[in-house]
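Single-structure report; data block below.
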Amino acid sequence: PIQEAVRKGIRVISELELAYHYISTPLIGVTGTNGKTTTTLLLGEMLKEAGKEVGVGGNVGEPLILFADGPKRWDLLVVEISSFQLEGIEAFRPSMALLLNVTEDHLDRYASYQDYIEAKARIFMNQRSEDRAVLNRDDPIVMGLSERVKAKRTFFSTKERLTEGAFSDGETIFVRTEGKEESYSLSKAPLKGAHNVENMTAAAVSARSVGAGPEAVQRALDRFQGLEHRLEFVREVQGVRFYNDSKGTNVGSVVKSLESFREPIILIAGGKDKRGDLSPLKGLIRERVKRLILIGEARERMARELGGMTDTEKAETLEEAVGMAFRSSEPGDVVLLSPACSSFDMFKDYKERGRVFKEAVRRFEP
Numbered sequence: 029p030i031q032e033a034v035r036k037g038i039r040v041i042s043e044l045e046l047a048y049h050y051i052s053t054p055l056i057g058v059t060g061t062n063g064k065t066t067t068t069l070l071l072g073e074m075l076k077e078a079g080k081e082v083g084v085g086g087n088v089g090e091p092l093i094l095f096a097d098g099p100k101r102w103d104l105l106v107v108e109i110s111s112f113q114l115e116g117i118e119a120f121r122p123s124m125a126l127l128l129n130v131t132e133d134h135l136d137r138y139a140s141y142q143d144y145i146e147a148k149a150r151i152f153m154n155q156r157s158e159d160r161a162v163l164n165r166d167d168p169i170v171m172g173l174s175e176r177v178k179a180k181r182t183f184f185s186t187k188e189r190l191t192e193g194a195f196s197d198g199e200t201i202f203v204r205t206e207g208k209e210e211s212y213s214l215s216k217a218p219l220k221g222a223h224n225v226e227n228m229t230a231a232a233v234s235a236r237s238v239g240a241g242p243e244a245v246q247r248a249l250d251r252f253q254g255l256e257h258r259l260e261f262v263r264e265v266q267g268v269r270f271y272n273d274s275k276g277t278n279v280g281s282v283v284k285s286l287e288s289f290r291e292p293i294i295l296i297a298g299g300k301d302k303r304g305d306l307s308p309l310k311g312l313i314r315e316r317v318k319r320l321i322l323i324g325e326a327r328e329r330m331a332r333e334l335g336g337m338t339d340t341e342k343a344e345t346l347e348e349a350v351g352m353a354f355r356s357s358e359p360g361d362v363v364l365l366s367p368a369c370s371s372f373d374m375f376k377d378y379k380e381r382g383r384v385f386k387e388a389v390r391r392f393e394p
């Protein structure tokens with residue numbers, strides 16, 4: 029019906045756009061290829077720790093339209109926004125917009141990578157000079173888009189010690205604004221991995237920008253547990269640690285996950301092919317992955333393009349792949365499910381895939 033409406037020239041808007049017209053609460057919009065959900069929920073927790081009435085939703089949890097109804101009054105709404113949702117906006121204007129990163133994804137939907145980039149950039153299109161954009165200084169695509177931004181720009185980095193904005197060395201987050209510096213320890217943070225350091229840094233500088241106190245930010249960093257299926261530790265069996273990263277559905281996400289380990293990795297990847305460029309994985313697989321086990325529709329292409337980087341096998345099912353991984357492992361290894369593909373060839377969604385992985389791991393004798 030929607031495609032038919034478009035063909036007939038009928039105006040089509042997204043749920044996000046519809047909700048915007050009925051909401052007067054300031055909106056914080058969070059988008060990016062990876063890290064959206066974690067950053068949205070963590071930022072929400074920081075603001076709640078600060079005593080603010082905060083609603084969290086959009087692409088995670090409640091749709092934004094549900095916040096337009098009812099007697100409750102919110103101080104802020106933190107909204108996760110996908111590229112698909114941004115395609116259907118016209119007037120939607122977040123008072124703060126976060127763009128975490130842009131890497132190849134959803135090329136099964138978009139005609140080109142540039143079309144996907146342009147969809148992400150729409151989060152800034154209605155912002156004004158009094159609004160704020162929070163941008164990843166380390167991402168070349170984000171930095172290219174930053175030239176278009178009319179809002180006040182705040183940058184975050186995990187590679188550069190910025191004089192203004194936020195940066196992290198992996199152990200501490202530093203927030204610098206107007207010549208003042210604050211620091212936040214990550215020593216107690218349950219979130220692990222290089223990608224989560226980026227997410228925590230972005231959330232911290234955003235929370236401070238809208239009035240959350242330093243103590244509230246630190247409390248949230250110390251308590252926030254992260255999300256199921258996102259580099260989730262499952263268990264250790266005979267010295268081998270198993271991690272479920274079923275949400276790693278694109279190449280950029282898998283790169284971040286592989287970078288999070290120093291131990292030898294047995295990687296289980298594959299699924300429904302999203303036609304992304306696999307070349308960013310080649311060096312990391314050569315250096316860090318001792319065995320690659322491929323499943324699903326994409327396994328033939330992945331074997332052709334990545335098989336020369338390390339020992340590579342194919343499995344018919346995820347359960348078979350888990351068994352193969354465990355049999356070839358040694359104490360000190362990591363077995364990582366991080367598919368770089370969607371799940372729809374074999375599973376209902378990435379959550380079911382993650383659950384099947386965890387059930388297979390739990391069947392092993394300790």
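At the far end of the sequence shown sits residue 394, using the numbering used here, and the numbering has no gaps.
Cβ atoms here follow ideal geometry from the backbone N, Cα and C, with glycine treated the same way.
Note that this is a predicted model, so its numbers are computed, not measured.
Within the region 213-281, the runs of beta strand (DSSP E) at least 3 residues long that lie entirely inside it are, in chain order, 260-265 and 268-272. The region 218-238 makes contact with the region 63-79: 3 or more CB pairs, one atom from each, lie closer than 8 Å. Residue state for residue 151 is assigned as helix, using DSSP reduced to three classes. Nearest to residue 245 by alpha-carbon distance, out of 281, 49, 60 and 202, is 202. In this structure, the CA atom of residue 360 is about 14 Å from the CA atom of residue 261. Taking 8 Å as the cut-off, the Cβ atoms of residue 317 and residue 296 do not count as close.
The three-state secondary structure of residue 59, taken from DSSP, is strand.
A direct Cα-Cα distance of roughly 17 Å separates residue 131 from residue 184.
Here residue 133 is buried. Its C-beta has 16 or more other C-beta atoms within 10 Å. Counting along the chain, the unbroken alpha helix (DSSP H) around residue 170 starts and ends at 168-174. Shown here for residue 306: same chain residues with a beta carbon closer than 7 Å to its own, the five before and five after excluded, namely 279, 330, 333 and 334 in chain order. Fully enclosed beta strand (DSSP E) runs of no fewer than 3 residues occupy 317-323 and 339-342 of the region 310-363, in order along the chain. In the structure shown, residue 386 falls within a helical segment according to DSSP collapsed to helix, strand and coil.
Assignment of residue 374 by DSSP, reduced to helix, strand and coil, places it in the coil class. Look at the beta carbons and you see the region 340-360 not touching the region 240-259: under three pairs across the two are nearer than 8 Å. Excluding sequence positions up to five before and after residue 102, its CB lies within less than 8 Å of the CB of 53, 81, 82, 83 and 95, all in the same chain and listed in chain order.
If you look at residue 43, you'll find it in the alpha helix (DSSP H) that goes 43-48. DSSP places residue 182 within a strand segment (E or B) once states are collapsed to three. Beyond the five residues adjoining it in sequence on each side, residue 187 comes within less than 6 Å, by CB distance, of 166 in the same chain, given in chain order.
In this structure, DSSP gives residue 365 an extended state, which the three-state scheme calls strand. In the DSSP assignment, the residues bridged to residue 106 are 56 and 84. If you draw a straight line from the Cα of residue 243 to the Cα of residue 212, it is about 9 Å long.
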